[in-house]
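Okay, so here's the structure we're looking at.
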Amino acid sequence: MPPLLELCNIACYLEKGSNIFSDINFTVNEGDILVLQGRSGSGKSTLLKCIAHLVMHSGETLYRGKTAQAIGIPSYRTRILYVPQRPALLPGSPRDFLVSITNLRAHKAIVCDTLDGSADVVLQRAYEIGEEWGIDRELWARGWINLSGGEGQRILLASAVALNTAEVLLLDEPTSALDSETSALVERTLTEKVRSGDTTLKSLVWITHSPEQSRRVGTRFIYLSAGGCYESDDPSPIPSSHTPSIIHSRSMTISSTA
Numbered sequence: 001m002p003p004l005l006e007l008c009n010i011a012c013y014l015e016k017g018s019n020i021f022s023d024i025n026f027t028v029n030e031g032d033i034l035v036l037q038g039r040s041g042s043g044k045s046t047l048l049k050c051i052a053h054l055v056m057h058s059g060e061t062l063y064r065g066k067t068a069q070a071i072g073i074p075s076y077r078t079r080i081l082y083v084p085q086r087p088a089l090l091p092g093s094p095r096d097f098l099v100s101i102t103n104l105r106a107h108k109a110i111v112c113d114t115l116d117g118s119a120d121v122v123l124q125r126a127y128e129i130g131e132e133w134g135i136d137r138e139l140w141a142r143g144w145i146n147l148s149g150g151e152g153q154r155i156l157l158a159s160a161v162a163l164n165t166a167e168v169l170l171l172d173e174p175t176s177a178l179d180s181e182t183s184a185l186v187e188r189t190l191t192e193k194v195r196s197g198d199t200t201l202k203s204l205v206w207i208t209h210s211p212e213q214s215r216r217v218g219t220r221f222i223y224l225s226a227g228g229c230y231e232s233d234d235p236s237p238i239p240s241s242h243t244p245s246i247i248h249s250r251s252m253t254i255s256s257t258a
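Sequential numbering of the sequence shown, starting at 1, is according to full-length UniProt numbering.
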């Protein structure tokens, strides 16, 4: 059986030809909470966008053994869902945004027009998740521009989880605007959903600069640099060059040891 997600020789270049990163090879398996680490500017956010097919890159990303093109990019992005650090300048309210997603053909194809994927059911799930994270229901009717950074971050993440179509969430510092108490609530919800097996969600790829958060949530740790990536048992954001458990991956695929 192929892995849930497989990155094969992913590379991304600046306009002038210099690479942001290259030779990125690793797999993501069901149950993985893969923490993606690296120095500022190493391309972690860009790599998530490459995985989601949101930026130009070379190499292939396989979802259950198939390319995004074979599946269809909209369907692929519904299954492999990128959640940015903060919402873009979206029109309308979060409620409008979520309803519009449930009306997309790619969403309907996955839920097969069942009640579970209807706008009302998805909104109710989103409200309940949001309330667990301190988001009052009335905030869903506000314009995005009227939300604080922390409110927008939680609402965007609650929306992604409530859709219940993604098998992998690509999380770009999902708690960067939150206090420690609220961060802990978000961490618990996300990790429990992966471990429970009761939802569509099977795995997380999570960017964080916090070694403490890495230790709390991560099951695997991959460090990104311009020339490739390394897997390590060390959850610190920048593994020491002496750490013997670091695996250089310029010419090999990183696989889960589980």
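Here a beta-carbon is modelled for each residue, glycine too, at the ideal position from N, C-alpha and C.
Quick caveat, the model's predicted, so the values are computed rather than measured.
- Between the segment 128-138 and the segment 153-167, the count of C-beta pairs closer than 8 Å reaches three or more; the two stretches touch.
- In this structure, the straight-line span from the alpha carbon of Ile73 to that of His53 is close to 8 Å.
- By the CB criterion at 8 Å, Ile80 and Leu170 fall inside the cutoff.
- Under the three-state reduction of DSSP output, Glu6 falls in the strand class.
- Here Val217 carries a helix assignment [DSSP, helix/strand/coil].
- Its Cα nearest to that of Tyr82, the residue Pro174 stands out among Lys16, Pro3, Thr67, Pro174.
- Thr61: member of the beta strand (DSSP E) spanning 58-63, first to last residue.
- Thr191 and Asn19 have their C-alpha atoms roughly 33 Å apart.
- For Lys66, the three-state secondary structure derived from DSSP is strand.
- Secondary structure at Asp136: coil, using DSSP grouped into helix, strand and coil.
- Close CB contacts of Val99 within its chain, under the 6 Å cut and outside five residues either way in sequence, are with Ala119 (chain order).
- In this structure Leu185 does not touch Lys193 by the C-beta definition: roughly 13 Å separates them, more than the 8 Å allowed.
- Taking Ile71 as the centre and dropping the five residues before and after it, the same chain places the C-beta of Tyr63 closer than 7 Å to its C-beta, in chain order.
- Only residues of its own chain outside the window of five on either side were considered, and among them Pro94, Arg95 have a CB closer than 6 Å to the CB of Trp140, listed in chain order.
- Residue nearest to Asn9 within the set Ser75, His57, Ser40, Val28 is His57 (criterion: CA-CA distance).
- Of the candidates Leu4, Leu36, Gly59, the residue whose Cα lies closest to the Cα of Cys12 is Gly59.
- Gly228 carries a strand assignment under DSSP once its states are collapsed to helix, strand and coil.
- Taking a C-beta distance under 8 Å as the contact criterion, Thr78 and Ile110 qualify as a contact pair.
- If only uninterrupted alpha helix (DSSP H) runs of at least 4 residues are considered, those enclosed by the segment 166-219 are 180-196, 211-217.
- Secondary structure of Gln85 (DSSP, three-state): coil.
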